[in-house]
Amino acid sequence: MEYNFREIEKKWQKRWEEQQTYRVEEDKSKKKFYVLNMFPYPSGAGLHVGHPLGYIASDIYARHKRLEGYNVLNPMGYDAYGLPAEQYAIQTGQHPAVTTETNIARYREQLDRIGFSFDWSREVRTCDPTYYKWTQWAFQKMFDSYYDNDQQRALPIAQLEERLAKQGTEGLNVACSEELNITAEEWKAMDEHARQATLMNYRIAYLGETMVNWCAELGTVLANDEVVDGVSVRGGYPVVQKKMRQWCLRVSAYAQRLLEGLDKVDWTDSLKETQRNWIGRSEGAEVEFAVKDSNERFTIFTTRADTIFGVTFMVLAPESELVDRLTTPERRAEVQAYVDATKKRTERERIADRKVSGVPTGAYAINPLTGEALPIWVSDYVLAGYGTGAIMAVPAHDSRDYAFARHFSLPIVPLIEGADISEQSFDAKEGIVINSPAANNAAKDGQTHGLVLNGLTVTEAIAKTKEYVSRHNLGRIKVNYRLRDATFSRQRYWGEPFPVYYKGDMPYMIPQECLPLELPEVDNYQPTATGEPPLGNAKAWAWDEKARQVVDKSLVDGVQVFPLELNTMPGFAGSSAYFLRYMDPHNNEALVSNEAVSYWQNVDLYVGGTEHATGHLIYSRFWNKFLFDLGVAVNDEPFQKLVNQGMIQGRSNFVYRVQRTEGEGDKAPLFVSLGLKDQYEVTPIHVDVNIVHGDVLDIDAFRAWRPEYKDAEFVLENDKYVCGWAVEKMSKSMYNVVNPDLIVENYGADTLRLYEMFLGPVEQSKPWDTNGIDGCHRFLKKFWGLFYNLRTDEFMPNEAEATPEQLKSVHKLLKKVSADIPAFSYNTAVAAFMICVNELSQAHCTNKELLSKLVVALAPFAPHIAEELWAALGNEQTVCDAQWPAYEEKYLEESEVQLAIAFNGKARFQKAFAANATNAEIEQAAMADERSVKFLEGKQVVKVIVVPKKIVNIVVKG
């Protein structure tokens, strides 16, 4: 019986669906294991072979855990909101819901054909109102909460209102946008609008003025990863920095907990370090500088307060409000031009760019310790979102400050250590020395301020200076974070609506029992003529406060009917807590029930790409910690183990078009084969890899591929057209995208699964090469041949006794695979299967028990063939519910060992010895071997050295 993979795979995919093989429920009699993939955005292009890599890896892990007796949750869904569907709607007029549904159907079909063990009964889609109801609910909870720094948790905003009424802001230690000083009497005297405006300063979800990446052509704010070189990734439209009133999430309040949580999870050190750098914790001091000849003052944050004596200039971020206030009239035009130019660059680009640029404001700041006047500049290497948006520049101790000072010929002041304490001229009891002769003499201009902190380390010096700054009211000691609050508004149609309506400029929440607020229909997916977001085109988009329902916006009267929010939520809104919803996806009363979350806890294994190392992982961890504070999540960290799969790169193919000479332009295109191309002047052209087989071009398919090539001519080698090749990113523009459907059709899903794992370590990027897929397919046919005689169709497994060699082969494999799966060493596991099957084939193994173990071990990798053979072996239940076969060490013990026999260090032959032979027995047998007798003839044995399990070296002379 031949291995008919097409019939086998269709049969078992249908049976899995009919029998709901992968449906899972809470079962307290079993240990749980939660496997999760970063769910896909369903694009119109469908899957290419690179997409399933992580899914296959996690599926093998999930199936293995089930075989080990765990109750495994392995769900899948769709991140269905996004800009591509909206842009397609703008171009075609087709509703994004229609294209999204079509794309999801395509993805589902492809995923099913690969044979994943997903529990589709738990599918979620972020565009489904029953799903985003809970995103809206969570947003409202954030709006109704503030963050208490002392308790390190979110608390109801009502508790803050009570505190303000009793004692104002005195002693208040909470996360906020700015420090406010309000007495209880002032709070009580406020009207409703003033109180709401004050509370906005503290809410975890708040409206705030923030710099955003604004794309006028797309009519929306873009995330940093949606912008490259000042233009949008989608469409290539100009993007500028713009200050807008946006919904924000106070992610920064959780910065310290986000840092500490990294010590609790099993992630790679590199990924943890990426997150730590993104969060960017700094301990330092805020120091206040006065502006010369002005009442203005501003604050800087520094981690090296001890270097304040080496400051030679100050720098403001271009977007800082101080720029407009401090710039002198004669400098205004130059400064404004610089600010306008900076708006075209994202913060990410500014951080990466090391080029020096800047302009002076014409204003000067006063050093609070020395009284020196310092010029104030504007430069894009300072960011408004980090610290205070202003820095003191110490070019002797900072590389970017140094480059700036050198470029603009500004002073560079060395800070001198080691001056005699008797030379001090400032504050002896503080241990701080300035204007010391030693320092001044060391300076080139003789006017430099030097700092000496006698006998102190740098760390001690920093602490001493911070303490001094704080005690003398020059500033305060502070911990700062690079992590910024997340902008949460998008000027798009295809996204989660905010459950918000407005009374004047103040937002109010739609009652929770009225959720979800569903996305309305619109006639136009572009911004309105007056520049409002696309929801401004909706006719029924106002909230009747009394009737508690959406009504026509023509009824807005500011008394009972109010306008609804026109922005929608960003993509990460729906992906920040989806792992919790999978636990209880059909619950209409809660995001997740206490019973479900108590059982599943958190994600045990999360698999996804490195592109989410900061954005998604930071936001989802923040979201989970907030829900943990609410008592919804039961674990502070959502993802215990995280594996980043590498990228499968495309293997591009090229044809070589001969450059026609003048006068030959009307001739048919001529292409020359790879081995002959150096004889011509040629232009390499990417060709569709799907019409190339083993680097040999299907000429007929090529002629049919593009109209301009229908009459193409070819210069062949050995009657073939051989294509060139290169490893590149898999993309449609390079025609190197391989559709997994073609692989499944020609080789089967099990072959695809094995081959993607065999390409190399899961975490590493590697090139796709269809040329190598035959090997995995041949392996499966050989595996099938252990069970069926291909000539007689006889089913061969029987009760024949297994030989020691056969037992050793299988148990060696089981030991290897049992270790490789938890370590994600799938490529070496596949290689071990190939070796074992070769050994069993050569040994003509028919032992049913051993072959049954082999089927179960292969089932996570190649589930279809495993199911078919498991059933043929007489099992009525799915192989998924078998027991993972344990290896036994006794079968791995060696009965004999092969040692090299060497003379004077030069190996001459191999000899077998009993595994338990003593060194004396080995020496005796080696000397007695007839081959040794030949080498020893006429020589004297000096000594014999036995290296256990390696070599016997006989030292001779003569």
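Sequential numbering from 170 applies to the sequence shown in my numbering. Beta carbons: idealized from backbone N, C-alpha and C, even for Gly.
For the beta strand (DSSP E) that residue i lies in, which residues bound it at each end?
i	result
ASN813	808-813
ILE646	644-650
GLN305	It is not in any beta strand (DSSP E) - GLN305 instead sits in the alpha helix (DSSP H) that spans 298-312.
TRP663	Unbroken run through TRP663: none, as it is neither H nor E.
ASN822	817-827
Which same chain residues end up closer than 6 Å to residue i when comparing Cβ atoms and leaving out the 5 residues on each side of it in sequence?
i	result
LYS234	PHE202, VAL241
ALA597	Because the pLDDT at ALA597 is just 35, under 50, the model does not fix this residue reliably, and the value given afterwards should be weighed accordingly. Excluding sequence neighbours, ALA597 sits near nothing in its chain.
ILE1123	PHE1072, VAL1113
LEU1042	SER1021
TRP953	TYR172
THR295	ASP248, ALA249, TYR250, GLY743
LEU552	ALA486, GLU516
LYS512	VAL409, GLN410
Sorted by chain position, which residues of the same chain lie with C-beta nearer than 8 Å to residue i's C-beta, five sequence neighbours on each side aside?
i	result
ASP614	The predicted model places ASP614 with a pLDDT of 39, which falls under 50 and marks its position as unreliable, so this point remains unresolved.
ASP805	ARG426, GLY430, LYS433, ASN793, LYS794, PHE797
VAL355	Per the sequence shown, residue 355 should be read as Glu rather than Val. These residues qualify, in order along the chain: GLY337.
GLU701	LEU735
ASN370	CYS345, SER346, GLU347, LEU349
TYR239	LYS199, LYS200, LYS201, PHE202
Kindly indicate which three-state DSSP category residue i falls into: helix, strand or coil?
i	result
ARG184	helix
ASN610	Since pLDDT at ASN610 reaches only 40, below the 50 mark, its modelled position is unreliable, and the value read off the structure follows with that caveat. Three-state DSSP puts ASN610 in a helix.
LEU735	coil
CYS1049	helix
PHE1030	coil
ILE679	coil
CYS345	coil
CYS945	helix
PHE208	coil
LEU329	helix
MET965	coil
TRP436	coil
ILE631	helix
GLY743	helix
THR468	strand
SER1129	Summary: the structure shown does not reach residue 1129, with the chain confined to residues 170 through 1127, and so no result is reported for it.
HIS862	strand
Return the chain-ordered list of same chain residues with a C-beta closer than 7 Å to the C-beta of residue i, the five sequence neighbours on each side being excluded.
i	result
LYS836	ARG829
GLU1065	ALA1081, PHE1082, ALA1083, ALA1084
GLN1142	Not covered by the structure: residue 1142. The range shown for the chain is 170 to 1127.
LEU921	ILE283, PRO909, ILE912, VAL913
Counting C-beta neighbours from all protein chains within 10 Å, is the total for residue i 16 or more, i.e. buried, or is it exposed?
i	result
ALA706	Per the sequence presented here, residue 706 reads as Asn, with Ala not at that position. Buried, since its Cβ has 16 or more Cβ neighbours within 10 Å.
PRO676	buried
LYS1059	exposed
HIS1013	exposed
ASN342	exposed
GLY777	buried
LEU1019	buried
HIS946	buried
ASN464	exposed
Just to confirm the assignment, what range does the alpha helix (DSSP H) spanning residue i have?
i	result
MET926	918-927
TRP894	First-last for TRP894: 893-897, but that is the beta strand (DSSP E), not the alpha helix (DSSP H).
TYR507	501-511
TYR375	Here TYR375 belongs to no alpha helix (DSSP H); instead the beta strand (DSSP E) covers 374-384.
Three-pair Cβ contact test at 8 Å for the stretch 924-938 versus the stretch 950-970: At 8 Å Cβ cutoff, the stretches do not touch.
contact_flag[the stretch 821-830, the stretch 844-855] where n(CB pairs < 8 Å) is 3 or more: Yes: at least three Cβ pairs fall under 8 Å.
Meets three-Cβ-pair contact criterion under 8 Å: the stretch 262-270 and the stretch 299-318: They do not touch, by the three-pair rule.
Cβ contact (3+ pairs, closer than 8 Å) linking the stretch 755-771 and the stretch 719-728: no
Touching by the beta-carbon criterion (3+ pairs, under 8 Å), the stretch 764-776 and the stretch 325-336: no
Any 3 or more C-beta pairs closer than 8 Å across the stretch 214-227 and the stretch 810-817: yes
contact_flag[the stretch 729-742, the stretch 172-191] where n(CB pairs < 8 Å) is 3 or more: The stretch 729-742 makes no contact with the stretch 172-191, as fewer than three CB pairs between them are under 8 Å.
Stretch pair the stretch 388-395 + the stretch 281-296: three plus CB contacts closer than 8 Å: no
Any 3 or more C-beta pairs closer than 8 Å across the stretch 968-980 and the stretch 900-908: no
Three-pair Cβ contact test at 8 Å for the stretch 406-419 versus the stretch 654-668: yes
Contact the stretch 1050-1059 vs the stretch 249-265: 3+ CB pairs below 8 Å: no
Stretch pair the stretch 662-678 + the stretch 687-698: three plus CB contacts closer than 8 Å: yes
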